[in-house]
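Following the numbering used here, the numbering of the sequence shown begins with 1 at its first residue and continues without gaps. Input: a single structure, listed below in structure tokens.
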Amino acid sequence: MTRNSSDLGSCVVVGGGNYFRGGSNSGWTIPRAELDNVGILGTVMNGIFLRGALQNCDVDEVRLMTAIPIPSVGEPYIRLRAQHHLEQGKVLILAGGNGQPFVTTDYPSVQRAIELDAEALLVAKNGVSGVMTADPKLDASATVLSYLSHEDVIDRRIKVMDQAAFVLAMEHALTLKVFDVSRLDQLTAICDGQQIGTLVESRTS
Ligand SMILES: Nc1ncnc2c1ncn2[C@@H]1O[C@H](COP(=O)(O)OP(=O)(O)OP(=O)(O)O)[C@@H](O)[C@H]1O
Ligand SMILES: O=c1ccn([C@@H]2O[C@H](COP(=O)(O)O)[C@@H](O)[C@H]2O)c(=O)[nH]1
């Protein structure tokens, strides 16, 4: 979400792990950087699907930008141009991560939020209501933590996202809101300021 605007521009950084994850396919005998390139292309495929789905919902002002140039599919990512789209209230889909291997989409999502001066990063989780006291797959009694500081996450060794991404968020005091993406109503409720999911913010903010 862009800052200081009544008509908020929205930016979605799409992952691609449903197709391929370069870091979790140990049987391959080709270099990790090449595997990550395949993962990056998966994020572009998701970006194309999301653009189409939003257009089907009559969202006219959608732009897809890719960190690796594929000009016949979307615009190349240029920070100032992305800012311009957001200032005009468009929905901006960012695919291709940051175009570099050895990270997942966690890191570029934090990076883009910072460089585009986002008010917060909404971290969409699959089937969990936020950051829990433990992995709910392993501990059925786990409960949602509604508030954490960045320092709490480090001290309690809670995994919110990849560590490098989280450290970048902490260094820049980026507010994170972790929520359940399968609950369609939650995104609007969060933007309305309702206490849903887990808020991670700097102790000083
Ligand atoms: N403390 C925790 N709080 C919440 N979820 C946790 C925690 N520890 C582990 N998890 C696991 O994280 C998963 C949710 O994360 P996420 O949505 O990133 O899933 P994913 O399968 O890694 O997807 P992707 O990599 O495509 O983003 C849950 O399925 C949950 O089991
Ligand atoms: O900047 C990036 C972003 C992604 N990748 C590769 O793509 C896959 C899919 O993304 P997920 O975040 O896991 O959904 C990721 O595992 C990486 O292999 C990348 O290399 N660089």
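All C-beta atoms, glycine included, are put in the ideal place defined by N, C-alpha and C.
- Per DSSP, GLU119 lies in no beta strand (DSSP E) segment and is marked neither H nor E.
- In this structure, DSSP gives VAL44 a helical state, which the three-state scheme calls helix.
- Taking 8 Å as the cut-off, the C-beta of GLY127 does not count as close to any heavy atom of ligand 2.
- 9 Å or more divides the Cβ of GLY193 from the Cβ of GLY130.
- Ranked by Cα distance from HIS84, the first of ILE70, SER141, LYS125, LEU116 is LEU116.
- DSSP places ARG63 inside the beta strand (DSSP E), whose first and last residues are 62-66.
- In this model, ASP180 and GLY27 are separated by some 32 Å (Cα to Cα).
- Counting C-beta pairs closer than 8 Å gives fewer than three between the region 102-122 and the region 56-65, which falls short of the contact rule.
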